[in-house]
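>
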Amino acid sequence: MKSIFKSAMVASVAAMGLSLAACDSAQENAAEDAGEQNAEMVNEQAEAMEDTGQITDAEADAMTDAAEDQADAMEDQAEAAAEGDAAATPPAE
């Protein structure tokens, strides 16, 4: 019985996630992907620097946080641009 409820819950959450993802514009998705890739590279570099003793754990975390913040800002800018495009385009009749 519990597994049925879990399955139903997972399916509904997945469906909601897909519906939200469908709302993003191609430009927004591209910006999000680019930001995430950059944040991943920065994270890997920070971990490598930490492993060699060049920086502390706190410094590595700060580098990663800054890269993730930049990725979020890129996505927000793309979203704002997409919303601006949608506002400038009159609705189809």
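Residues -21 to -1, 1 to 72, numbered by mature numbering (1 follows the signal peptide of the UniProt record, and there is no 0), are exactly what the sequence shown covers, in order. We put the CB at the ideal spot given by N, CA and C, even for glycine.
1. Alpha carbon to alpha carbon, what distance is there between Q24 and I34?
2. Taking just the CA atoms, how far does E47 sit from E19?
3. Whole angstroms is fine: what's the gap from M42's alpha carbon to A13's?
4. Is any beta-carbon of chain B found at less than 8 Å from that of A27?
5. Check Q33 in the structure and name its three-state DSSP category.
6. Decide if E62 is buried, meaning its Cβ has at least 16 other Cβ atoms within 10 Å, or exposed.
7. Rounded to the nearest angstrom, what separates M28 and A57 at their Cα positions?
Inspection of the coordinates gives the following:
1. For the purposes of this step, residue 34 is identified with residue 55 of the sequence shown, where counting begins at 1. For the purposes of this step, residue 24 is identified with residue 45 of the sequence shown, where counting begins at 1. The alpha-carbon atoms of I34 and Q24 are separated by roughly 11 Å.
2. As a working mapping, residue 19 is identified with position 40 in the sequence shown. As a working mapping, residue 47 is identified with position 68 in the sequence shown. Those two C-alpha atoms are separated by around 9 Å.
3. Position 63 of the sequence shown holds residue 42. Position 34 of the sequence shown holds residue 13. Distance between the alpha carbons of M42 and A13 is about 17 Å.
4. Of the protein chains in this structure there is only one, and it is not chain B.
5. To locate residue 33, count along the sequence shown from 1; it is residue 54. DSSP places Q33 in coil when its eight states are reduced to three.
6. As a first step, residue 62 must be located in the sequence shown, where it is residue number 83. Exposed is the call here.
7. In the sequence shown, the residue the question calls residue 28 occupies position 49. In the sequence shown, the residue the question calls residue 57 occupies position 78. If I take the Cα positions, the gap works out to 31 Å.
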